[in-house]
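Notes to accompany the following structure.
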Amino acid sequence: MTSPASAMFAALGLIAPIAVKLTHLQALVIFALVISVAFGFLGRRQPKERVKYILWTLLLFLLVGVGIGWAMYPFSR
Amino acid sequence: MAEETTVQEPLSRPNDTKREMLALVVGAAGWLVPGLGHALLKMWGRALICFLTVGVLVWVGAGMRGNLFTSRGNDAFDSLGYIADLGTGGFYWVAKSLETNGPDVSRADGDYGTRFLATAGVFNLLAALHAYEAARGRKA
Chain A
728 MTSPASAMFA ALGLIAPIAV KLTHLQALVI FALVISVAFG FLGRRQPKER VKYILWTLLL
788 FLLVGVGIGW AMYPFSR
Chain B
2 MAEETTVQEP LSRPNDTKRE MLALVVGAAG WLVPGLGHAL LKMWGRALIC FLTVGVLVWV
62 GAGMRGNLFT SRGNDAFDSL GYIADLGTGG FYWVAKSLET NGPDVSRADG DYGTRFLATA
122 GVFNLLAALH AYEAARGRKA
């Protein structure tokens, strides 16, 4: 069921529905990048500290994500 | 000394109450419209990042046909998902309007989309709490 707010957004053409097709790795990278940048801005004040934090968080997100993926590989079949 | 204490306390209490009320308004605004809480505190960079982060996560999550939970959940996980999705504030209805074909979690895309939407909500709650703490004068 469409809510009045949803109908309003659709009627105004403010937000266009999109179909997103991503591979597992692409989804992981987008997620890691967006969250790392957000955490960097919320958690640190100085630009230099932010950049360091963003890069470090991004690296850890990717490493842990890919690592867990490989750890599950033996049980996937 | 005792007189000084009795004179100072009534002066500080209304200010504290006012500040607490302002902080609550800032927190609520930050929840309703991602980034608005920080914008009210003139933290423009953080406001923009919060808005964009929640916006991108909702847009991609809905585009991947993730499950946007409703209040009519079947179990505890559905209820938790609903709470997480509600965390996006006004963007909950944006996600609804984007998902014209409904969710599809039969493929990995939809599953990822569900996580994107839930993360957007939880992140927005965190950002609103951050704005609330900043408005209270805590280091942020």
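Chain order of the listed sequences is A and B. So the mapping is simple: the working numbering equals the position in the first sequence, first residue as 1, plus 727. So the mapping is simple: the working numbering equals the position in the second sequence, first residue as 1, plus 1. Just so it is clear, CB atoms sit at the ideal spot from N, CA and C, and this is done for glycine as well. These numbers were taken from a predicted model, which means no experiment stands behind them.
Residue i - containing alpha helix (DSSP H), residue span
i      : result
A:F788 : 774-799
B:L87  : 77-87
B:A63  : 45-64
B:G38  : 37-41
Residue i - DSSP class collapsed to helix/strand/coil
i      : result
A:S803 : coil
B:D112 : helix
B:V26  : helix
B:F70  : coil
B:K19  : helix
A:A754 : helix
B:S98  : helix
B:R137 : coil
A:V745 : The displayed chain sequence assigns Ile, not Val, to residue 745 of chain A. Correct three-state label for A:I745: coil.
A:S763 : helix
B:V14  : It is Arg, not Val, that sits at residue 14 of chain B in the sequence shown. Three-state result, B:R14: helix.
A:G770 : helix
B:G122 : helix
B:G90  : coil
B:G103 : coil
B:E4   : Residue placement at B:E4 is poorly supported in this model, since its pLDDT is 47, which falls under 50; the coordinates still yield a value, given next. Note: B:E4 maps to helix in three-state DSSP.
Whole-angstrom C-beta distance between residue j and residue i, which should lie under 8 Å
i      : j      : result
B:Y113 : A:A754 : 5 Å
A:G792 : A:A759 : 7 Å
B:F117 : B:M65  : 7 Å
B:G1   : A:F802 : For residue 1 of chain B there is no data in the structure shown, the boundaries of chain B being 2 and 141.
B:A40  : B:L99  : Actually they are not in contact, since the Cβ atoms of B:A40 and B:L99 sit about 23 Å apart, beyond 8 Å.
B:R137 : B:R14  : The Cβ separation is near 15 Å, so there is no contact.
B:V34  : B:A121 : Rounded, the Cβ-Cβ distance is 13 Å, inconsistent with contact.
Worksheet item: With contact counted as at least three CB pairs below 8 Å, one residue from each stretch, are the region 64-71 of chain B and the region 41-52 of chain B in contact?
Response: no
Worksheet item: Counting Cβ pairs, one atom from each stretch, are 3 or more of them under 8 Å apart for the region 774-789 of chain A and the region 85-105 of chain B?
Response: Using a C-beta cut-off of 8 Å, the region 774-789 of chain A makes no contact with the region 85-105 of chain B, since fewer than three inter-stretch Cβ pairs fall below that distance.
Practice prompt. May I ask you to list, following chain order, the residues of the region 96-115 of chain B that have a beta carbon less than 7 Å from some beta carbon of chain A?
Written response: K97, S98, L99, T101, A109, D110, Y113
Fill in: Cβ contact (3+ pairs, closer than 8 Å) linking the region 763-770 of chain A and the region 77-85 of chain B
no
Worksheet entry | Members of the region 55-66 of chain B that neighbour chain A once the beta carbon cut-off is set at 9 Å | V55, V57, L58, W60, V61, G62, A63, G64, M65, R66
Practice prompt. Mind checking the region 123-135 of chain B against chain A and listing, in chain order, the residues whose C-beta falls within less than 9 Å of any C-beta there?
Written response: F124, L127, A128, H131
Worksheet item: Mind listing which residues of the region 38-49 of chain B have their C-beta closer than 8 Å to chain A's C-betas, in chain order?
Response: G46, R47
Item to complete: Specify whether the region 129-138 of chain B and the region 21-35 of chain B touch according to this definition: at least 3 beta carbon pairs, one from each stretch, less than 8 Å apart.
Response: yes
Worksheet item: Using a beta-carbon distance cut-off of less than 8 Å, what residues from the region 785-799 of chain A approach chain B?
Response: none
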